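Peer 1:
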Amino acid sequence: MGWFDKYCEKCGMKVDKKTAPQRFGKYFCSEKHAEEYVSDIDNKGKRSPEQQCGG
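All letters in the sequence shown, in the order written, are residues 15 to 69 by my numbering.
(1) With S44 as the anchor, note down where its alpha helix (DSSP H) starts and where it stops.
(2) May I ask you to report which of helix, strand or coil DSSP gives M32?
(3) Can you tell me whether K24 is helix, strand or coil according to DSSP?
(4) Tell me the rounded alpha-carbon separation between H47 and K60.
(5) In chain order, what residues of the same chain lie with their CB nearer than 8 Å to the CB of E50, ignoring the 5 residues before and after it?
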């Protein structure tokens, strides 16, 4: 694993940062994984404060 290698934030697959989809500074192996990541982030933001801290 090199210092400058990039990996899909969703599945961990090695990606080429020149061609890989990118969201929020993160790299992905496919548009599908990029969109799933965005959806996950969006869903976390919609949870109530009690749900976010486990209460």
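Glycine included, every Cβ here is placed at the ideal spot set by N, Cα and C.
The model shown is predicted, which means the values in this text are computed figures rather than measured ones.
Peer 2: From the atom records:
(1) Neither: S44 is in no alpha helix (DSSP H) and is coded neither H nor E.
(2) Sequence check: residue 32 is Lys here, not Met. DSSP, reduced to helix, strand and coil, places K32 outside both helices and strands of the structure shown, so it counts as coil.
(3) coil
(4) 20 Å
(5) K24
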